[in-house]
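When the letters of the sequence shown are read in order and numbered with the numbering used here, they come out as residues 1 to 210. Virtual Cβ for every residue (Gly too), placed ideally from N, Cα, C. Working notes, structure below.
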Amino acid sequence: MVRVLVVHDAGLLRSALVELLRTDPALEVTSTTPSDCLRRTGRHSTPGTGDPSVDVRVVDGDCMASCDRCEAVPGAQGGPPGRDPGLVVLATPEQPGLLRRALDAGALGLVDKNASRRHLITAVHAVAKGERHLDASLAFALLDATAPPLTHRELRVVTLAGQGAPMDEIAALLHLSRGTVRNYMASAIRKVGARNRMDAIRIVRDAGWA
1 MVRVLVVHDA GLLRSALVEL LRTDPALEVT STTPSDCLRR TGRHSTPGTG
51 DPSVDVRVVD GDCMASCDRC EAVPGAQGGP PGRDPGLVVL ATPEQPGLLR
101 RALDAGALGL VDKNASRRHL ITAVHAVAKG ERHLDASLAF ALLDATAPPL
151 THRELRVVTL AGQGAPMDEI AALLHLSRGT VRNYMASAIR KVGARNRMDA
201 IRIVRDAGWA
């Protein structure tokens, strides 16, 4: 029996994924939200200290694309009990940056959201055995995956702004002056070719860089 944990923000979609996976009698499926998963594992979990009750985590890529939530699902390399659970990420070809982040987080399985139910179940079984699974439609997108043109600090400023934090709060969180934060935002807007701050936030999110 393969023990699977579905991680998703939206309750309806989370339930749908659970029911889909439960059509395979060889899968024992539970679910949680990214925040609950973070509380269970700890933000600073390290390889080898993952949840021993789970073999594979199935995570929607959009959960990884906000609030650095990829930290809620520690990277995994599969393998015997005692290691972190294997990681399967659901994504689309339109977000090559997100695909790259998923790989950097240790994902062994990348499944196209538009693929059939069988693709996801096959990926779960492969990852449970420590094998890789990559849908062909996502393989081509990965060829286009590039590092974001922003520095870490610029990306952090845009990410926090996208979460609704005002400039004063961003400055306090990053221990910077308000003027420095403004400069980082202006630089980010210029580098991604955005019209304004909101456009920069949209571009960064759509690319899966944050």
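Query                                                                                                               : Result
Going by beta-carbon coordinates alone, are Arg117 and Thr23 separated by less than 9 Å?                            : yes
Under the three-state reduction of DSSP, which class applies to His44: helix, strand or coil?                       : Note on His44: pLDDT 38, under 50, position unreliable in the model; no value is reported.
So, using beta-carbon positions, are Ser31 and Ser53 closer together than 9 Å?                                      : no
What residue from Asp199, His119, Ala139 and Arg197 has the CA that sits closest to Ala102's CA?                    : Ala139
Does the Cβ-Cβ distance between Leu174 and Arg153 come in under 9 Å?                                                : yes
Roughly how many whole angstroms lie between the Cα atoms of Glu169 and Lys113?                                     : 36 Å
Between which two residues does the alpha helix (DSSP H) carrying Arg178 extend?                                    : Arg178 to Lys191
If we count the other Cβ atoms within 10 Å of its Cβ and call it buried at 16 or more, is Ala211 buried or exposed? : Outside the displayed span of the chain (1 to 210) sits residue 211, for which this structure offers no information.
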